[in-house]
Amino acid sequence: MYVTLAQHPEPPAGDDRAFMTPNAVIVLDGASAFAARDVPASTYAQHLGSTMAALVDGTDEALTVLLAEAIKTTAADLGLTPGGRAPSSTLAVVRRREDASVDVLVLGDSQVVIPGKILRDDRLGPLATEQRTAYRERLASGHGYDDEHRQLLAALQAEQLRRRNKPGGYWIAEADPAAAEQALTRHLSPHEVPWCVLATDGAYKPMEYLGLDDWPTVATATSDDLAGLLQRCQEWEATDERGQRLPRAKRHDDKTLAVCSPSGDVQRTSVG
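Residue 247 in numbering that gives the first Met the number 0 sits at position 248 of the sequence shown, with consecutive numbering throughout.
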């Protein structure tokens, strides 16, 4: 398993986390919150990711089973109970099995790109549309990231919390291990996955907007080039400081890109 990684900002700053084992790569995006949580999202993502990495290392056991155990352990260690004040995180995992086949798991809106396909969990998108539309329309009208914007986001998150980890709602890593069974998973043959790109939404959304989402080219990038792509997104966001051109919850979001070659055989080139 060959992995090339870039993050902005680099941990321990921010809420994105990435972990690598000899047979897997794991990317997490701890969710920002506008209400009090028992522990910071960064603490949760760090603990969940390190626990998942220890569990997945060297085993072919189902990723959903391993994730359920990781959520259970993390909740116990951090003293979390489902709902309310518990933090949450997205999770994207790519794991090479002993027979060279590849397992992919996505929970939440981080994504995994493989040739010709994007695996992304979009179940959060259709929820709380009234609140989401309201804050995006205000941004597009030029109101910026003011107090009313923050109030609208708080209302959005409150509505989303009502639907978190419930049938008909959306599923995310939090304190309930049952969420793991609702993750999107794929089992792929080696020839289907010569490369893959794991990305948090803070990375892929501005990349898509700016036309930087040529994933086959990104898949050949060096770590310096990946960092350059994230820096370009960060700098562009600064020119859209009121969120008018690309309405988004925060002026800057954490950004993670991980390029993975399960076979360990991919030629690295520079990207412009």
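We put the beta carbon where it would ideally sit given N, CA and C, even for glycine.
Restricting attention to alpha helix (DSSP H) runs no shorter than 4 residues, the region 148-212 encloses them at 200-209, ordered along the chain.
In this structure, Pro21 sits away from Met51, with a CB-CB distance that is not shorter than 8 Å. Taken atom to atom, the span from the alpha-carbon of Tyr134 to that of Asp59 is near 43 Å.
Residue state for Met19 is assigned as strand, using DSSP reduced to three classes. Residue state for Gly227 is assigned as helix, using DSSP reduced to three classes. Taking every protein chain shown into account, the CB of Pro86 has 16 or more other CB atoms within 10 angstroms, so this residue is buried. Two segments are said to touch when three or more pairs of C-beta atoms, one from each, lie closer than 8 Å; by this definition the region 26-44 touches the region 74-83.
Nearest Cα to Thr73 within the set Arg161, Pro114, Leu54, Val112: Leu54. Shown here, Asp253 sits in coil according to DSSP, grouped into three states, outside any helix or strand. For Arg135, the enclosing alpha helix (DSSP H) begins and ends at 128-139. For His7, the three-state secondary structure derived from DSSP is strand.
Residues of the same chain with a CB within less than 8 Å of the CB of Gly143, apart from the 5 flanking positions on each side, are Glu240, Arg241, Gly242 in chain order. Counted as a single uninterrupted DSSP element, the beta strand (DSSP E) harbouring Ser88 occupies residues 88-95.
Pairing Ile113 with Glu191 gives a Cβ-Cβ distance under 8 Å.
Relative to the Cα of Val24, the nearest Cα in the group Ala220, Leu62, Arg131 belongs to Leu62.
Shown here, Ala220 sits in a strand according to DSSP, grouped into three states.
Listed in chain order, the alpha helix (DSSP H) runs fully inside the region 57-124 are 62-77, counting runs of at least 4 residues. Ala153 is the residue among Ala139, Ala153, Gln6 whose C-alpha sits nearest the C-alpha of Gln130. Under DSSP, Cys259 takes part in a beta bridge, and its partners are Val2, Cys195. Nearest in C-alpha terms to Asp108, of all of Pro246, Pro261, Gly29, Leu229, is Gly29. In this structure, the alpha-carbon of Thr219 lies about 13 Å from that of Ala5. Sixteen is the threshold: since fewer than 16 other Cβ atoms of the shown chains lie within 10 Å of the Cβ of Arg244, the residue is exposed. For Leu47, the uninterrupted alpha helix (DSSP H) segment begins and ends at 40-55. Between the alpha carbons of Leu225 and Arg185 lies a gap of roughly 26 Å.
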